[in-house]
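Peer 1: Have a look at this one.
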Amino acid sequence: MTGCVFCGIVDKRLKASIIYEDDFCLAFEDINPQAPVHFLVIPKRHIADVLEADKEIKGRLLEAATIVAREKGLADDGFRTVINCKRHAGQSVDHLHIHILGGRWFTWPPG
Numbered sequence: 114m115t116g117c118v119f120c121g122i123v124d125k126r127l128k129a130s131i132i133y134e135d136d137f138c139l140a141f142e143d144i145n146p147q148a149p150v151h152f153l154v155i156p157k158r159h160i161a162d163v164l165e166a167d168k169e170i171k172g173r174l175l176e177a178a179t180i181v182a183r184e185k186g187l188a189d190d191g192f193r194t195v196i197n198c199k200r201h202a203g204q205s206v207d208h209l210h211i212h213i214l215g216g217r218w219f220t221w222p223p224g
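Residue numbers (our numbering): 114 to 224.
Below is the structure:
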């Protein structure tokens, strides 16, 4: 999609620290990390939010998230996954993405 920053990362027009890629999705380091480990997983195809994603895409994104979380050493102590959907939830880029945060204690409820 024209003008979408995440599509620019997928197309390699914009730089990102990519840490995982397969045929359906990619993961990259968050540019404004909120935890010692903070990365995003996105579908390569432009999908605006989780409401528009089918179960295959959702499953593939979560599988990629767990692969990278394990690689980053988060399996023992745990991590948080966050999917913001639309503006009231804090979605700032209209391209589905999962935040994976770890490496510190988190409180509940968030935000």
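Note that CB positions come from ideal geometry on N, CA and C, so glycine has one too.
(1) Among the candidates His201, Val181 and Cys198, whose CA atom is the shortest distance from the CA of Leu214?
(2) Taking Pro222 as the reference, which of Ala178, His210 and Val195 has the closest Cα?
(3) Just curious, the beta strand (DSSP E) that Glu142 is in, first and last residue?
(4) Rounded to whole angstroms, what's the CA-CA distance from Leu164 to His210? Just pull it up for me.
(5) Taking all protein chains shown into account, decide if Pro156 is buried (16 or more other Cβ within 10 angstroms of its Cβ) or exposed.
Peer 2: The answer reads as follows:
(1) Val181
(2) When only C-alpha atoms are compared, the closest one is Val195.
(3) Cys138 to Glu142
(4) 12 angstroms
(5) buried
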